[in-house]
Amino acid sequence: MSTFAFIARRLLGAIPTLAIIVALSFLLTRLAPGGPFDEEQALPPEIRANLEAAYGLDQPVAVQFGRYVAGLLRGDFGPSFKFRDFTVTELIASGLPVSLAIGIAALLLALALGVPAGIWAALARGRAADRLVMTLAVAGISVPVFVIAPLLALVFGIWLRWLPVAGWEPGRLRDMLLPVVTLALPVVAYLARLTRGSLLEVLRAPWIRAARARGLPQRIVLARHALPAALLPVVSFLGPATASVLAGSLVVETIFGLPGMGRHLVQGALNRDYTLVMGMVIVYATLMIALNLLADLVYAWLDPRIRRERRL
Amino acid sequence: MSGGLWRDALRQLKSDRLALVSLAILAVLGGAAVAGPWLLDFREDEIDWAHMAVPPFVADGHWLGTDRLGRDLLVRTLFGLRVSLAIALAATLISLVIGVGWGALAGYLRGRADALMMRFVDVLYSLPQVFFVIILTVVFGRGPLSLLVAIGAFGWLTMARIVRGQALALREREFVEAAVVGGAGTLRIVGRHIVPNLLGPVIVYATLTVPQVILVESFLSFLGIGIQEPLASLGNLVADGASEMETAPWILAVPAACLVLLVFCFNFLGDGLRDALDPRDR
Numbered sequence: 041m042s043t044f045a046f047i048a049r050r051l052l053g054a055i056p057t058l059a060i061i062v063a064l065s066f067l068l069t070r071l072a073p074g075g076p077f078d079e080e081q082a083l084p085p086e087i088r089a090n091l092e093a094a095y096g097l098d099q100p101v102a103v104q105f106g107r108y109v110a111g112l113l114r115g116d117f118g119p120s121f122k123f124r125d126f127t128v129t130e131l132i133a134s135g136l137p138v139s140l141a142i143g144i145a146a147l148l149l150a151l152a153l154g155v156p157a158g159i160w161a162a163l164a165r166g167r168a169a170d171r172l173v174m175t176l177a178v179a180g181i182s183v184p185v186f187v188i189a190p191l192l193a194l195v196f197g198i199w200l201r202w203l204p205v206a207g208w209e210p211g212r213l214r215d216m217l218l219p220v221v222t223l224a225l226p227v228v229a230y231l232a233r234l235t236r237g238s239l240l241e242v243l244r245a246p247w248i249r250a251a252r253a254r255g256l257p258q259r260i261v262l263a264r265h266a267l268p269a270a271l272l273p274v275v276s277f278l279g280p281a282t283a284s285v286l287a288g289s290l291v292v293e294t295i296f297g298l299p300g301m302g303r304h305l306v307q308g309a310l311n312r313d314y315t316l317v318m319g320m321v322i323v324y325a326t327l328m329i330a331l332n333l334l335a336d337l338v339y340a341w342l343d344p345r346i347r348r349e350r351r352l
Numbered sequence: 022m023s024g025g026l027w028r029d030a031l032r033q034l035k036s037d038r039l040a041l042v043s044l045a046i047l048a049v050l051g052g053a054a055v056a057g058p059w060l061l062d063f064r065e066d067e068i069d070w071a072h073m074a075v076p077p078f079v080a081d082g083h084w085l086g087t088d089r090l091g092r093d094l095l096v097r098t099l100f101g102l103r104v105s106l107a108i109a110l111a112a113t114l115i116s117l118v119i120g121v122g123w124g125a126l127a128g129y130l131r132g133r134a135d136a137l138m139m140r141f142v143d144v145l146y147s148l149p150q151v152f153f154v155i156i157l158t159v160v161f162g163r164g165p166l167s168l169l170v171a172i173g174a175f176g177w178l179t180m181a182r183i184v185r186g187q188a189l190a191l192r193e194r195e196f197v198e199a200a201v202v203g204g205a206g207t208l209r210i211v212g213r214h215i216v217p218n219l220l221g222p223v224i225v226y227a228t229l230t231v232p233q234v235i236l237v238e239s240f241l242s243f244l245g246i247g248i249q250e251p252l253a254s255l256g257n258l259v260a261d262g263a264s265e266m267e268t269a270p271w272i273l274a275v276p277a278a279c280l281v282l283l284v285f286c287f288n289f290l291g292d293g294l295r296d297a298l299d300p301r302d303r
């Protein structure tokens with residue numbers, strides 16, 4: 041199979057998943073008891089009917105779904121029920137760059153810290169450095185983002201006054217630092233554990249012993265023979281890492297007051313703003329699918345066993 | 022599976038000091054969560070007008086201080102711990118029942134039924150779970166019950182996969198053959214012969230599910246989508262503290278420390294049980 045066909049098949053394979061996500065989120069929100077216009081003060085029936093007609097809610101569910109999907113294909117996520125002056129597409133367009141910026145920065149930071157920490161721990165197996173890294177990793181995994189975030193804000197923002205606690209000016213690094221570090225920490229912890237475990241396993245493999253027997257120096261054995269194999273699980277971890285960063289971004293954007301998608305989603309969930317929640321979930325799901333796909337492709341490209349099979 | 026395996030497991034667990042300490046701490050936390058709010062002098066929603074936002078060890082009777090409304094922080098944290106634990110245990114039980122039933126049946130039936138059932142699991146697996154839990158809480162409204170349904174709806178997937186793998190192997194064993202020959206029906210074989218032999222991995226994974234559920238529940242409660250005031254869970258207590266941390270950091274520290282300790286202990290206990298009950302990793 042050619043490279044192109046392989047990529048195309050993977051891309052096509054993502055479509056059913058996406059379709060299920062759209063259909064399920066649509067059906068679930070239509071199942072909901074009570075409509076989006078249930079306020080504390082009941083609306084007069086005429087106004088209510090007008091509102092529902094304006095949003096197309098008086099149509100049969102099948103028609104509503106058809107319209108929604110047709111809109112999605114044009115990049116139109118429909119109007120927000122609660123932010124009356126905005127469409128969901130506008131809210132996504134305003135929030136996505138912020139969320140992407142901190143999300144990608146967090147993933148890169150996590151890779152830059154977690155993988156070397158794991159390698160270091162594996163090479164110092166059983167010694168103090170190993171125990172230190174692994175203890176920190178267990179802590180990083182067990183302490184949830186919504187505890188890390190206020191703690192970092194308290195220490196670095198309020199007590200030390202080094203960094204702003206809230207606020208967002210596009211491109212200002214100082215604003216990004218605390219949110220990005222908060223998002224990265226759990227992923228750093230997982231990556232360190234994963235890299236350490238995988239490298240230790242690879243170092244026991246016979247071909248590593250063979251490389252050593254040929255008299256290759258430790259540096260070469262590590263860089264040329266052990267690491268390429270040991271880092272494969274790190275590549276497949278990209279998918280779960282993305283899920284963790286996206287979920288964490290809800291907390292981080294709320295705490296640090298960033299105008300990203302996560303805050304819109306939380307607001308939408310609190311307001312029962314169905315179109316907003318649906319739109320945001322679809323975008324998040326697409327991001328996750330895209331990164332899982334990327335991880336698959338990189339994996340296939342890196343793993344010689346799959347590469348030969350697919351001629352990638 | 023003979024008595025020998027369980028005796029071995031017990032011996033292994035007894036030598037795992039971290040797991041034992043975790044178990045002891047969990048027992049203390051659990052006991053305090055159940056009995057504490059009754060034994061202490063204050064109720065969880067009782068307002069002490071004379072002592073608002075006092076630090077720990079200052080005001081009489083308020084050992085860990087009070088929050089900004091003058092509610093005793095120790096009592097409130099124990100109450101939140103009770104709610105978080107109750108939801109976590111209930112959601113784990115739900116995922117246990119669905120997951121074990123689904124997985125054992127699929128693994129025992131094999132063939133097309135198995136393929137269909139596991140395909141369903143795969144599809145749910147590919148969904149971004151946290152976001153669908155949020156949709157479900159939006160749909161069913163906020164509160165402990167809808168939270169339970171939302172978390173339970175996704176919690177059973179990994180359990181089903183683990184159990185199915187085990188069941189596929191178990192159904193080839195002689196005692197299942199003997200039961201078939203003896204004329205036992207499918208449900209009876211699954212219920213009486215397959216499921217009891219799955220207990221080891223099921224116990225391990227259930228123990229590791231509890232902290233995950235605690236984290237999801239408190240994550241949602243922190244965001245305001247889960248447990249609502251005046252009801253408390255560790256999540257909305259942390260949120261409460263985070264909004265006051267500049268002037269009264271202990272309101273954040275007490276529930277946060279309790280949550281982290283709880284999750285730590287469940288994870289260590291789960292790891293210890295895995296070492297004891299899963300002979301493959303030994």
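From first to last, the protein sequence lines are chains A and B.
Numbering-wise (this note's numbering), the first sequence opens with residue 41 and increments by one.
Numbering-wise (this note's numbering), the second sequence opens with residue 22 and increments by one.
Glycine included, each C-beta is placed from N, C-alpha and C at the ideal position.
These figures come from a predicted structure and were not determined experimentally.
Limits of the unbroken alpha helix (DSSP H) element including residue i
i: H265 of chain A; result: That residue, H265 of chain A, is in no alpha helix (DSSP H); it is neither H nor E in DSSP.
i: P95 of chain A; result: The question names Pro, but residue 95 of chain A in the sequence shown is Tyr. First-last for Y95 of chain A: undefined, no H or E at that position.
i: R236 of chain A; result: 213-243
i: W341 of chain A; result: 314-342
i: R38 of chain B; result: 38-60
i: D170 of chain A; result: 168-182
i: R20 of chain B; result: Given a span of 22 to 303 for chain B in the structure shown, any question on residue 20 of chain B remains unanswerable.
i: G111 of chain A; result: 101-113
i: H304 of chain A; result: 301-311
i: L208 of chain B; result: 207-210
i: I295 of chain A; result: 278-295
i: A200 of chain B; result: 195-202
Length of the line joining the Cα atoms of residue i and residue j
i: L243 of chain A; j: L262 of chain A; result: 9 angstroms
i: F186 of chain A; j: L51 of chain A; result: 34 angstroms
i: P119 of chain A; j: T127 of chain A; result: 4 angstroms
i: R212 of chain A; j: G132 of chain B; result: 58 angstroms
i: P344 of chain A; j: I272 of chain B; result: 54 angstroms
i: V223 of chain B; j: G288 of chain A; result: 29 angstroms
i: L130 of chain B; j: T179 of chain B; result: 19 angstroms
i: D81 of chain B; j: F277 of chain A; result: 51 angstroms
i: T235 of chain A; j: G166 of chain A; result: 15 angstroms
i: A74 of chain B; j: G91 of chain B; result: 6 angstroms
i: A112 of chain B; j: A253 of chain A; result: 54 angstroms
i: A54 of chain B; j: I210 of chain B; result: 39 angstroms
i: L220 of chain B; j: A227 of chain B; result: 10 angstroms
i: L352 of chain A; j: A45 of chain A; result: Low confidence applies here, because L352 of chain A scores a pLDDT of 46, under 50, leaving its location unreliable and the question unanswered by this model.
i: M22 of chain B; j: E193 of chain B; result: In this predicted model, M22 of chain B has a pLDDT of only 46, less than 50, meaning its place in the structure is not dependable; the value taken from the coordinates is given anyway. Approximately 15 angstroms between the Cα atoms of the pair.
i: V323 of chain A; j: G115 of chain A; result: 11 angstroms
i: R303 of chain B; j: L31 of chain B; result: For R303 of chain B, the predicted structure reports a pLDDT of 40, less than 50, and the residue's modelled location is therefore unreliable. A value from the coordinates is still provided. Spanning the two alpha carbons is a distance of roughly 14 angstroms.
Nearest to residue i (by Cα), restricted to the options the options
i: A245 of chain A; options: A:A266, A:V109, A:L151, A:L218; result: A:A266
i: E293 of chain A; options: A:T175, A:L331, A:E86, A:V205; result: A:V205
i: A56 of chain B; options: B:A71, B:N257, B:G101, B:L290; result: B:G101
i: N218 of chain B; options: B:L114, B:L189, B:I246; result: B:L189
i: L255 of chain B; options: B:M73, B:L90, B:L94; result: B:L94
i: T158 of chain B; options: B:L168, B:P149, B:Q150; result: B:L168
i: V197 of chain B; options: B:W123, B:S105, B:L85, B:G128; result: B:G128
i: C286 of chain B; options: B:I156, B:Q233, B:G120; result: B:Q233
i: Q104 of chain A; options: A:M320, A:V221, A:V62; result: A:V62
i: L290 of chain B; options: B:I215, B:L41, B:L85, B:L31; result: B:L41
i: M216 of chain A; options: A:L140, A:A330, A:P280; result: A:L140
i: L97 of chain A; options: A:L71, A:L113, A:R114; result: A:L71
i: D261 of chain B; options: B:T98, B:G51, B:L60; result: B:T98
Residues that DSSP places opposite residue i in a beta bridge
i: A87 of chain B; result: Sequence check: residue 87 of chain B is Thr here, not Ala. Bridge partners of T87 of chain B: B:D93.
i: T127 of chain A; result: A:P119
Where residue i falls: helix, strand or coil (DSSP)
i: T268 of chain B; result: coil
i: P257 of chain A; result: coil
i: P276 of chain B; result: helix
i: P119 of chain A; result: strand
i: D292 of chain B; result: helix
i: L352 of chain A; result: With a pLDDT of only 46 at L352 of chain A, under the threshold of 50, the placement of this residue in the model should not be trusted; the figure read from the coordinates follows. Coil, per DSSP.
i: G164 of chain B; result: coil
i: P246 of chain B; result: The sequence given here places Ile at residue 246 of chain B; Pro does not occur at that position. DSSP places I246 of chain B in coil when its eight states are reduced to three.
i: S254 of chain B; result: coil
i: L283 of chain B; result: helix
Chain D contact for residue i (CB, 9 angstroms cutoff)
i: Y230 of chain A; result: In summary, chain D is missing from the structure at hand, where the protein chains are A and B.
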